[in-house]
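Numbering (the working numbering), first residue to last: 905 to 1181.
Below is one structure, written out as structure tokens; comments come after it.
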Amino acid sequence: MKRLGSQRQPHDKGAASNPFFSGALLVFGALCGVTCFAQTPDPNQVHMALKEILSRPEFRPAPSSSENPILKDIKNYLHHLFSALGRFWHWLVRHFNLGNIGVSSVPRPMVYGLIVGLVLLGGWLLWRLVKSTVWSRLAKQKEKPSFSVTTEPDRAEVRPEAEALLQQAYRFAAAGDYRQAFRALFLAILCRLDQAQIIEYARDRTNVEYLRALKARRLDGFYEIMAPLARDFDKFWYGRFAAEEGDYRRGLSAYEKIVGLLGGASMRGGQGGTGSA
């Protein structure tokens, strides 16, 4: 028995002298104790704790203001305005050695009124300056007529007779206005064809439609005269090209050919009209 005791004694002394081993035993025992004695928290206590936390001011929603947002903006604007005016007044006091005028002698509303009056006066002077320069310039621009494309007034609002149009052509040619004379001749030819029921003259019809009508009825003689005449009319009238005396005489010759094809008598006074041109 003594031998056994003597053999175990050195081992126990080393274990007791090792501090790391002792600390590990203590930590292990503590963990076992916590594990054994840990309990699930009471739900009522958790609920009360959460309720207490959420009732703190930082977790409360900000109360909605019943004030009109427009009035609130106006109030903020006035507040900033008066603050700026106050800073301006203090700047005046510091830089112009006014002493304590702004604090004791002059009431604050009077100071603000004076500053507002100065601001309004400056705004009024600026408005007068703008009105005398920019506004007058804008008014002149409004008075300028706007650009618009206009066509020459149609002199044949109501369709006249071919003879009346022929007389107009003579007068325009005598005045040297061959463009108007050519137009009057062309309209006179259309009226002649309408009177002969070869085409149906209408103000909303185009020259292309008249030519198609002649081609559809196989009136080649009329078509050969009218096709180059219609091209010249579009060039002079719608293209606004200048017409010469030769163009007018070509139109007058076409009128005579149309009258000849229609079987009518030769136009009266044609030589006189040509001579006057």
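Glycine residues also receive a C-beta, built at the ideal position from the N, C-alpha and C atoms.
If you're wondering where the values come from, they're calculated on a predicted model, not measured in any experiment.
Please list, in chain order, all residues of the same chain as residue i whose beta carbon is under 7 Å from its beta carbon, the five residues on each side excluded.
i, result
"Leu1165", "Gly1125, Phe1126"
"Lys917", "Residue placement at Lys917 cannot be trusted, given a pLDDT of 49 that sits under 50; the coordinates are not used to answer."
"Lys1139", "Phe1145"
"Asp1098", "Glu1104, Tyr1105"
"Asn1111", "Ala1134, Phe1137, Asp1138"
According to the Cβ coordinates, are residue i and residue j closer than 9 Å?
i, j, result
"Ala1073", "Leu1133", "no"
"Arg1087", "Phe1145", "no"
"Ile1093", "Ala1158", "yes"
"Tyr1142", "Met1130", "no"
"Pro1078", "Ala1147", "Reading the sequence as shown, one finds Ala at residue 1078 and not Pro. Not closer than 9 Å, so no."
Residue i lies in the alpha helix (DSSP H); which residues open and close that run?
i, result
"Asn972", "Here Asn972 belongs to no alpha helix (DSSP H), and DSSP marks it neither H nor E."
"Arg1075", "1066-1078"
"Pro961", "Looking at the DSSP string, Pro961 is not in any alpha helix (DSSP H), and its letter there is neither H nor E."
"Ser1157", "1149-1166"
"Phe1086", "1082-1099"
"Ile1129", "1124-1137"
Classify residue i as buried or exposed, calling it buried when 16 or more other Cβ atoms lie within 10 Å of its own Cβ.
i, result
"Trp1028", "exposed"
"Lys1048", "Residue confidence for Lys1048 is low, a pLDDT of 48 falling below 50, so the modelled location carries little weight; the figure read from the coordinates is stated next. When all chains shown are included, Lys1048 counts as exposed."
"Arg1083", "buried"
"Ile1162", "buried"
"Asp977", "exposed"
"Leu954", "exposed"
"Trp1118", "Looking at the sequence shown, residue 1118 is not Trp but Leu. Buried: at least 16 other Cβ atoms inside 10 Å."
Once you ignore the five residues that flank residue i on each side, which residues in its own chain have a CB closer than 6 Å to its CB?
i, result
"Phe1090", "Phe1137"
Closer than 8 Å by C-beta to residue i: which residues in its own chain qualify, once you throw out the five before and the five after it? Chain order, please.
i, result
"Ala1100", "Leu1166"
"Tyr1152", "Ala1073, Ala1077, Tyr1082, Ala1085, Phe1086, Leu1089, Ala1181"
"Leu958", "none"
For residue i, is the beta carbon positioned less than 8 Å from some heavy atom of the ligand GDP?
i, result
"Arg998", "This structure lacks the ligand GDP, and indeed carries no ligand of any kind."
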